[in-house]
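A short write-up of the structure that comes next.
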Amino acid sequence: MTKKQAFQFLRISSLLDGISFLVLLGIAMPLKYGAGKPEAVRVVGSLHGLFFVMLAIAVLLAWGMMKWKFSRPVIIMFCSVIPFAPFWLEHQLKKEQGSLKP
0 MTKKQAFQFL RISSLLDGIS FLVLLGIAMP LKYGAGKPEA VRVVGSLHGL
50 FFVMLAIAVL LAWGMMKWKF SRPVIIMFCS VIPFAPFWLE HQLKKEQGSL
100 KP
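Under numbering that gives the first Met the number 0, the first residue of the sequence shown carries the number 0, and numbering increases by one thereafter.
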C-alpha cells in the first residue's frame, strides 16, 4: 500500500464514520426514543461501530507509513467523536494528500 492509498483509505474511513455518526444521532436515536423503534439504533449503531473500527485501522496504517508523532492519530480519533469534525478532517487530509509523492 502506498502513502496515497493509505491517505485515501483514511479519508474514506473518516467520512463513513462521520456520516454514520450523524445518522445515528440525528435519525436512529430519535426513531428509538420518539417512535419506539429500537432496531434503528441497533442497525445504524452496528454500522457505525464497523466504520469506527475501519477508521482505527486506517489511522494505524497511515501512522506507520507517514511516521506521524503520537498526537496526530490522537487528534484524528478525537475528531471521530465530535459531530461534523470528520468532514473538517477529511478536508485537511485532502489538502495534505495532494502534496504527497506517488
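Glycine is no exception: its CB is placed at the ideal position from the N, C-alpha and C atoms.
Proximity below 7 Å, CB of residue i to CB of residue j
i      : j     : result
Ser103 : Met53 : The requested residue 103 is not part of the displayed model; the chain covers only 0 to 101.
His47  : Phe83 : no
Phe8   : Ala57 : yes
Cβ distance (whole Å) where residue i is taken to contact residue j below 8 Å
i     : j     : result
Arg10 : Lys93 : 6 Å
Pro85 : Cys78 : 6 Å
Lys3  : Met65 : Incorrect: roughly 11 Å between the Cβ atoms, too far for contact.
Distance between residue j and residue i (C-alpha atoms, nearest Å)
i     : j     : result
Ile26 : Leu49 : 18 Å
Gly33 : His90 : 34 Å
Phe51 : Leu24 : 15 Å
Val40 : Trp87 : 25 Å
Leu99 : Val43 : 34 Å
Ile81 : Pro29 : 18 Å
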